[in-house]
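One structure below.
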Amino acid sequence: MTAPLATPAVVVERREPAARRRAPRLLRSPSGTLGLLWLLLIVLASATARLWLPYPTEKQDLTAVLQTPTAAHWLGTDELGRDLLSRIFAAGAGTLLTTSIAALVAVGVAVPLSLWSAGAGPRVEAVINRVTEIVMSVPGVVVMLAVIGAFGTNLPLVMAVLGFLISAGVYRVLVGQAKSLQANLYVDAARVDGVRPVAVSLRHILPNMLTTILVQFVLIFAIALMIGAGLAFIGFGPPPPEPSWGGLIGSASKHVYDAPWLMVPTGLVLILTVLAINAIADALSVGADAPPAQIALGRAARRRRPIAAVSPAPAGVTGLAVRDLAVGIDGGTTLVSSVSFDAPAGRVLGVVGESGCGKSLTALALMGLLPAGLSTTAGSIHWGGRELATLTEQQLGTIRGHEIGFVGQEPMRSLDPMFTIGYQLAGAVRRLRRVPAATARREAEALLGQVGIADPGRVLRSYPHQISGGMAQRVAIALALAGRPALVIADEPTTALDVTVQAEILSLLRSLVRETGMSLVIVTHDLGVVADICDSVVVMYAGQVVESGTVFDVLDDAQHPYTMALLAADPHAITDGTPASRLASIPGQVPQPKDWPGGCRFAARCEFARAECHAPVELEARSAGSGAVRCVRAVDLHLSATRWTSTGVSR
Amino acid sequence: MVVFVLKRLGLAVVTIVVVSVIAFLLVHAGTTTPGVIALGMGATPAEIAAYNQKIGWNDPLALQYLAWLGKAVHGDLGVSLTDGRSILNDILTRLPVTGALATGATIVSTVLGVALGVTAAVRRGLADRVVSAFTGIVVAIPAFWLGIVLIFLLAVQTPLLPATGFVPFEISPSGWAASLVLPVLTLGIGGAAFVGRQTRASMIDALSQEHIRTLRATGTPTWRILYVHALRYASLPIVASVALQFIALFGGSVIIETLFAMPGLGLDIQGAVGSSDSPVVQGLVVIATIVVVIVNLVLELVSGILDPKLRTS
Chain F
1 MTAPLATPAV VVERREPAAR RRAPRLLRSP SGTLGLLWLL LIVLASATAR
51 LWLPYPTEKQ DLTAVLQTPT AAHWLGTDEL GRDLLSRIFA AGAGTLLTTS
101 IAALVAVGVA VPLSLWSAGA GPRVEAVINR VTEIVMSVPG VVVMLAVIGA
151 FGTNLPLVMA VLGFLISAGV YRVLVGQAKS LQANLYVDAA RVDGVRPVAV
201 SLRHILPNML TTILVQFVLI FAIALMIGAG LAFIGFGPPP PEPSWGGLIG
251 SASKHVYDAP WLMVPTGLVL ILTVLAINAI ADALSVGADA PPAQIALGRA
301 ARRRRPIAAV SPAPAGVTGL AVRDLAVGID GGTTLVSSVS FDAPAGRVLG
351 VVGESGCGKS LTALALMGLL PAGLSTTAGS IHWGGRELAT LTEQQLGTIR
401 GHEIGFVGQE PMRSLDPMFT IGYQLAGAVR RLRRVPAATA RREAEALLGQ
451 VGIADPGRVL RSYPHQISGG MAQRVAIALA LAGRPALVIA DEPTTALDVT
501 VQAEILSLLR SLVRETGMSL VIVTHDLGVV ADICDSVVVM YAGQVVESGT
551 VFDVLDDAQH PYTMALLAAD PHAITDGTPA SRLASIPGQV PQPKDWPGGC
601 RFAARCEFAR AECHAPVELE ARSAGSGAVR CVRAVDLHLS ATRWTSTGVS
651 R
Chain L
1 MVVFVLKRLG LAVVTIVVVS VIAFLLVHAG TTTPGVIALG MGATPAEIAA
51 YNQKIGWNDP LALQYLAWLG KAVHGDLGVS LTDGRSILND ILTRLPVTGA
101 LATGATIVST VLGVALGVTA AVRRGLADRV VSAFTGIVVA IPAFWLGIVL
151 IFLLAVQTPL LPATGFVPFE ISPSGWAASL VLPVLTLGIG GAAFVGRQTR
201 ASMIDALSQE HIRTLRATGT PTWRILYVHA LRYASLPIVA SVALQFIALF
251 GGSVIIETLF AMPGLGLDIQ GAVGSSDSPV VQGLVVIATI VVVIVNLVLE
301 LVSGILDPKL RTS
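So the protein lines, in turn, are chains F and L.
Once you know that position 237 of the first sequence is 237 in the numbering used here, the rest is easy, because the numbers rise by one and skip nothing.
Once you know that position 106 of the second sequence is 106 in the numbering used here, the rest is easy, because the numbers rise by one and skip nothing.
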């Protein structure tokens, strides 16, 4: 099946698709399995109905009309004494067959159309889109009735018309996926290799769409089953003596007074079949887990989890004092443990580390802003004489914005896209400063001026999508300042911005600290930012603090090998004046929380690791200067003035 | 914005013309001629041929279509083959019945569906599981079967409401309301399940957005975050699902009006299809298309108002 021009790399790429895993995924879902079993039962029972039905479909017994279930008639009898069980399953095969015509036509039209549309460029796509929009505006049921009016109840034809009308909707679903598949690099590679467009579509696009196509087929089958039953219900089903599910329910509706049971068996068979099909479609669809809510909901919002080991407020610390903070998945893995630091008033603290080390979670935990499913599991967050770790959502509401402000990583996503900046900023000012609306508007304008926005009036009238990323981050900072907080927590505030804008935002933060006297906790992976703006720094690795101290101590005299490695790997920090030396790197990756060892978590990547590193390591006071370090070899490494040299190449 | 509106209007007109051509061609491709239907069983072939000749059935198709279109744009949709009544007058007297049914059912679906969906998304836990199970089952129940169950429960078991039939508003407002309750509930409950599922998904998506965290960080009260900001963010897909639901209810009214014996457009087309009354079918197809097109235009307009990105582009 390999065509002459297929490149091997491309073939490997597309071997991965769903085809092989589809059946197991369906069977892994209990409701999907049940649905499949029911559908198989119905299909088999209907297909073999002739062989096992207890009564001929039309056998009347006028002595036993409108019966409820009896030993002779398991599901009862209709108004002519015909056996209901026999009639339901005699109707099954025809009903299922004509219904599948609709699904086949819908998929048969939509699949080639979407492949063509996605492969043939924007002009063809625009034309096909217009045509499908028109088809989608056609009132389906009414047109099907018009077809019946013209050609009689020719059910295969009617179902084909239904399938054609639905195909426009299926096309909409499929074309989106086909287009995103067309954008893949390996598809580009195939095209560059000279594979013809049709071959690209059939070989690289279609196989990856099979699951979606199957789900659509199944869903349309369910819709067509319901619509077909509806038409039969109002008398446009198979011509009389032949039974159909809709027709059976139709005649049952005439006996709702004298024999209500009559509607139950056929109705249940139809409903259970639709339910089974929907369950199969659900199980087949690739259910990407929804991202967690950014707000505690339901029971989690009312109940505040008990915190282990709340420690007394440390003496002599003004501002923020964090002790032994731990964050974990509710009822599961601990992600951050025993984090301690102080952020005194008017100072800037940097929290630094690689991605996945827990620094952002720590920042969010300080204000109780963790997404649903995560919570602070231990430790203390002392702030202004209160213990933030145990406050309720409502109590935290009096601190957030008022006393502590927050600036997030993605300025564009941290602003509400549905409201103007003026609405968001003036609303926050009004609530946080308790001033009337007109005053709030003026103060919002002043705030925008304070964060360096030249024409505040225009920005206030704008929606977030109308301003640039750097501008949006200034607005986010203004929003954090709206309640004149004494502390601002900034979670990677420059990461998503262009380099030139990063410098502007940093200098803005620095000047705000100087002018307002607030303190700042800034989370970053960039040691340059730390050197630039911070007074003290906490280095985190794999959910732990590995080193802390003043910026001077930690950057000039790093004692933890991880800090040394970060410094040696920083292209901007050429500390010894010999730029010719090769830039160092850290071999390996930050381990996943489930893989954290009992001993030093950095040992596996550390070029100085010894046997003793595999025992648990405590945070100890630095041998020189203030702060702490978590390394059993810190003292001897420090005495021998060892440097991190690994370049990761030879290892 | 003006160009956008003109484009949509243009597409709407094209849609109506295309569907009317299809309906016209269907009538001509059919197995019978107007003469057979209009003159009944007793007519001789000669009489039928004369009738067809008189109404222009043998003219070129394009000419016949243009003649129909010319009258239609002036509000003349012709007369019924079976009883000679004016089709437009007939539609105008029946439209309020179907309109009341579809509007009532849309209101029930929207109010109930949004309430269910928001509750499920906001409270999670048990409430979410109950709502998800309920809506999941209800979307699998055909409206006509649900209608029979409701008749059985609310008209037969406990005779609170009339089982079938329709009382015009002018005759008795309370009778009108009572006759609408069961059909509206029948269509509305199914619609509520559909709108509820969409609302739940949209609200869950909205609540996972990062700007929700910003709102919390500025001390915004929880009710305001949920019901002003998150619901506003979720409103676009919810409104789209309501519009889709209205269109589906209009189509579903054919079946429900038959079940409840309501003299609306649905019962009309069912009768016309049964008796091959082609001008009536043709007129109703066009009217139904116009309704769909108008609902889609209103949806575009509302989306334009709700979505700042559409509005400001």
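Even glycine gets a Cβ: it sits at the ideal position worked out from N, Cα and C.
Residue environment: SER174/L is assigned as exposed (fewer than 16 neighbouring CB atoms within 10 Å of its CB, all protein chains considered). Going by beta carbons, GLN182/F and ALA118/F fall inside the 8 Å limit.
Neighbours of PHE233/F in chain L, taken as residues at a C-beta separation under 9 Å, are given in chain order as PRO142, PHE144, TRP145, ILE255, THR258 and LEU259. Cβ neighbours of ILE421/F within its own chain (closer than 6 Å, five residues either side excluded): VAL459, LEU460, SER462 and VAL475. Using beta-carbon distances, GLN198/L does not count as an interface residue toward chain F, since no partner is under 8 Å.
Residue-level contact check: PRO162/L does not touch chain F, since none of the beta carbons of chain F fall below 8 Å from its beta carbon.
Closest by C-alpha distance to LEU53/F, out of ASP61/F, TRP74/F, LEU36/F and LEU62/F, is TRP74/F. Ranked by Cα distance from ASP307/L, the first of LYS7/L, ILE87/L and ALA234/L is ALA234/L. If you look at GLN544/F, you'll find it in the beta strand (DSSP E) that goes 544-550. Rounded to whole angstroms, the separation of the alpha carbons of GLY117/L and VAL111/L is 10 Å.
LEU567/F: member of the alpha helix (DSSP H) spanning 561-568, first to last residue. Just so you know, the alpha carbons of PHE166/L and ALA105/L end up roughly 16 Å apart. At a cut-off of 8 Å between beta-carbon atoms, HIS402/F makes contact with chain L. Remark: C-beta atoms of GLY627/F and ASP553/F approach each other more closely than 8 Å. Straight-line measurement puts the Cα of PHE233/F at about 8 Å from the Cα of SER251/F. For SER278/L, the chain F residues whose Cβ falls inside 7 Å of its Cβ are GLY149, in order along the chain. Against chain F, the CB of GLN245/L has no partner CB under 8 Å away; the residue lies outside that interface.
Contacts with chain L (Cβ-Cβ distance below 7 Å) from the segment 266-280 of chain F involve GLY267, LEU270, ILE271, VAL274, LEU275 and ASN278, listed in chain order. When Cβ pairs closer than 8 Å are counted between the two stretches, the segment 166-181 of chain F is seen not to touch the segment 280-292 of chain L, the count staying below three.
Interface annotation, LEU432/F: in contact with chain L, CB-CB separation under 8 Å. Taking 8 Å as the cut-off between beta carbons, the residues of the segment 206-226 of chain L near chain F are LEU207, SER208, GLN209, GLU210, HIS211, ILE212, ARG213, THR214, LEU215, ARG216, ALA217, THR218, GLY219, THR220, PRO221, THR222, ILE225 and LEU226, in sequence order. Closer than 8 Å at the C-beta level to chain F, one finds these residues of the segment 150-177 of chain L: ILE151, PHE152, VAL156 and ALA163.
Flagged as an interface residue toward chain F: ARG123/L, by a C-beta distance shorter than 8 Å. According to DSSP, TYR541/F shares a beta bridge with GLN544/F. At a cut-off of 8 Å, the C-beta of LEU214/F has no neighbouring C-beta in chain L. For HIS229/L, the nearest beta carbon of chain F is closer than 8 Å to its own beta carbon.
Chain-order list of chain F residues neighbouring VAL181/L: empty, with the shortest C-beta distance near 17 Å, by a criterion of under 9 Å. For the pair of segments examined, the segment 63-76 of chain L was found not to touch the segment 126-142 of chain L: the number of CB pairs separated by less than 8 Å stays below three. When DSSP states are grouped into helix, strand and coil, ILE42/F belongs to the helix group.
The beta carbon of PHE164/F sits no closer than 8 Å to any beta carbon of chain L.
At a C-beta separation below 9 Å, GLY264/L has no neighbours in chain F, since its nearest C-beta there lies roughly 13 Å away.
Inter-residue distance for THR32/L and ASP277/L is about 10 Å (C-alpha atoms, whole angstroms). In the three-state DSSP reduction, ARG130/F falls in the helix class (H, G or I).
GLY188/L is positioned such that its CB atom lies no closer than 8 Å to that of VAL131/L.
For ILE421/F, no beta strand (DSSP E) segment is defined; the enclosing uninterrupted segment is the alpha helix (DSSP H) at 421-433.
The distance from the Cβ of LEU249/L to that of GLY191/L is about 6 Å, consistent with a contact at the 8 Å cut-off.
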